[in-house]
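Student: If you're matching positions, the sequence shown starts at 0 in numbering that gives the first Met the number 0 and goes up one per residue.
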Amino acid sequence: MTKAKALVITGNGTNCETEAAHACRLGGFDEARIAHISELMTGEVSLDDYHFLNLTGGFLDGDDLGSAKAQANRLRYAAVAGSNEPILEQLLRFIGDGKLVLGVCNGFQLLVKMGMLPALGSDYVKQTATLTYNASGRFQDRWCYLKVDASSPSVYTRGIEGGVYLPIRHGEGKFLVDAPETLEAIENKHLACLKYSDANYSAPTMEFPENPNGSTNAIAGICDETGRVMGLMPHPEAFVHRTQHPRWTREELPEEGAGLVFFRNAAQYVKQNL
Ligand SMILES: NC(=O)CC[C@H](N)C(=O)O
0 MTKAKALVIT
10 GNGTNCETEA
20 AHACRLGGFD
30 EARIAHISEL
40 MTGEVSLDDY
50 HFLNLTGGFL
60 DGDDLGSAKA
70 QANRLRYAAV
80 AGSNEPILEQ
90 LLRFIGDGKL
100 VLGVCNGFQL
110 LVKMGMLPAL
120 GSDYVKQTAT
130 LTYNASGRFQ
140 DRWCYLKVDA
150 SSPSVYTRGI
160 EGGVYLPIRH
170 GEGKFLVDAP
180 ETLEAIENKH
190 LACLKYSDAN
200 YSAPTMEFPE
210 NPNGSTNAIA
220 GICDETGRVM
230 GLMPHPEAFV
240 HRTQHPRWTR
250 EELPEEGAGL
260 VFFRNAAQYV
270 KQNL
């Protein structure tokens, strides 16, 4: 029986890798390894040996050049020492092999700035969107209500009724696209799987503070057309247990945090498909 193996990349300023690895294990992965980006660059670690790639939150390169831009260039243009295989080729093979990629916050910014989301027409290289400074001009560190698009192909949001309440902590969460037709395609294909909403998940909202950054169409997370590559500004790995909820001492809550379903869905997909 193939072991379901998750890989969590750390280094250069990430700060959510421990929670992400813990969420992978809780969600059902047999193995969740935290590897430094340099292990990928030297070939000590190969994506080929894993099923689920986690690109986590943090402050890659201190967000110099704009969040995650330096790491995006690193991964787009660097080659593995020794084999000289471009890291990008390894990433494209990983996606082409039907595997899963989840980018959380800085990881989402990384995927978008590498061109790996929304990846319309399966073009995982051409950048067609970005995430820029919050409209408020201020870092936002609180919780938000997120409406789930039940028609989205996202593997990760499967089975979520209505929406999910998750923490956010970012300065550059405002989603923008390069052209109207890109936004039209994202909406028509239901790739905007998560949108900032009111507490009843009744409708997406552009109103602050429910929408913490002024994202186009209230977009908080998107997936590619396969549903296997997803990025989101909220942090599902930071809500896997009720005691992480801000009101856990005052409200009756299920033992399991709502963020864990993202990882459960990923583990189930891997065990059923790879
Ligand atoms: N929590 C994060 O990953 C933050 C991402 C990025 N550093 C920002 O502030 O927008």
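Heads up, the beta-carbon is just placed ideally off N, CA and C, and yes, glycines get one too.
Taking the alpha carbon of Thr13 as the reference point, which residue from Cys23, Gln108, Phe93, Gly27 has its own alpha carbon closest?
Tutor: Nearest neighbour of Thr13 by Cα position, chosen from Cys23, Gln108, Phe93, Gly27, turns out to be Gln108.
Student: Quick check on Ala118: does DSSP put it in helix, strand or coil?
Tutor: coil
Student: Excluding five sequence neighbours on each side, which residues of the same chain lie with their C-beta closer than 7 Å to the C-beta of Arg263?
Tutor: Closer than 7 Å at the Cβ level, and outside the excluded window around Arg263, lie Gly26, Gly27.
Student: Can we count Arg241 as close to ligand 1, meaning its CB is less than 7 Å from some heavy atom?
Tutor: For ligand 1, not one heavy atom lies less than 7 Å from the Cβ of Arg241.
Student: Just to confirm, does Glu236 get its C-beta within under 7 Å of one of the non-hydrogen atoms of ligand 1?
Tutor: The answer is no for Glu236.
Student: Here's a check: name, in chain order, each residue in its chain whose Cβ is nearer than 6 Å to the Cβ of Gly226, leaving out the five neighbours to either side.
Tutor: Pro152, Ser153, Val154
Student: To the nearest angstrom, how far is the alpha carbon of Ala257 from that of His240?
Tutor: 8 Å
Student: Would Asn272 be called buried (16 or more neighbouring beta carbons within 10 Å of its own) or exposed?
Tutor: exposed
Student: With DSSP collapsed to three states, give me the class of Gln267.
Tutor: helix
Student: Applying the 10 Å Cβ sphere with the 16-neighbour rule, what's the burial state of Tyr49?
Tutor: By the neighbour-count rule (16 or more Cβ atoms within 10 Å), Tyr49 is buried.
Student: Tell me whether the beta-carbon of Leu130 lies closer than 8 Å to the beta-carbon of Ser66.
Tutor: yes
Student: Just list the alpha helix (DSSP H) runs in the region 146–201, keeping only unbroken ones of 4 residues or longer that don't cross its boundaries, in chain order.
Tutor: 179–187
Student: Please determine whether the Cβ atom of Arg92 lies at a distance below 7 Å from any heavy atom of ligand 1.
Tutor: no
Student: Here's the rule: buried if 16 or more other CB atoms are within 10 angstroms of the residue's CB, otherwise exposed. What is Val176?
Tutor: buried
Student: Between the region 157–174 and the region 131–141, do at least 3 Cβ pairs fall closer than 8 Å?
Tutor: A contact is defined here as three or more CB-CB pairs under 8 Å, and the region 157–174 meets this definition with respect to the region 131–141.
Student: Ignoring anything shorter than 4 residues or poking outside the region 42–97, list the alpha helix (DSSP H) runs there in chain order.
Tutor: 68–76, 86–95
Student: Where do the N-terminal and C-terminal ends of the alpha helix (DSSP H) with Glu18 fall, by residue?
Tutor: 16–26
Student: Let's see if you can read the secondary structure: which residues bound the alpha helix (DSSP H) around Lys112?
Tutor: 105–113
Student: Under three-state DSSP, which class holds Ala257?
Tutor: coil
Student: Taking only the alpha-carbon atoms, compute the straight-line gap between Gly61 and Asn11 and give it to the nearest angstrom.
Tutor: 8 Å
Student: At a cut-off of 7 Å, would you count Ala143 as near ligand 1, judging by its Cβ distance to the nearest heavy atom?
Tutor: The residue you asked about is not Ala; residue 143 is Cys in the sequence shown. Result no, Cβ not under 7 Å from ligand 1.
Student: If we call anything under 8 Å between Cβ atoms a contact, is Asp148 one with Ala191?
Tutor: yes
Student: Taking the straight line between their C-alpha atoms, what separation do you get for Val228 and Leu110?
Tutor: C-alpha separation (whole angstroms): 9 Å.
Student: If we count the other Cβ atoms within 10 Å of its Cβ and call it buried at 16 or more, is Thr242 buried or exposed?
Tutor: exposed
Student: Given a cut-off of 8 Å on the beta-carbon distance, is the pair Cys143 and Pro211 in contact?
Tutor: Taking 8 Å as the Cβ cut-off, Cys143 and Pro211 qualify as a contacting pair.
Student: For ligand 1, is there any heavy atom lying closer than 7 Å to the beta carbon of Gly172?
Tutor: Yes - ligand 1 has a heavy atom lying nearer than 7 Å to the Cβ of Gly172.
Student: For Ser196, does the count of other Cβ atoms within 10 angstroms reach 16, so buried, or fall short, so exposed?
Tutor: So Ser196 counts as buried.
Student: Does DSSP put Met40 in a helix, in a strand, or in coil?
Tutor: Note: Met40 maps to helix in three-state DSSP.
Student: Is Arg168 close to ligand 1? I mean its beta-carbon at under 7 Å from any heavy atom of the ligand.
Tutor: Checking the Cβ of Arg168 against ligand 1 gives yes.
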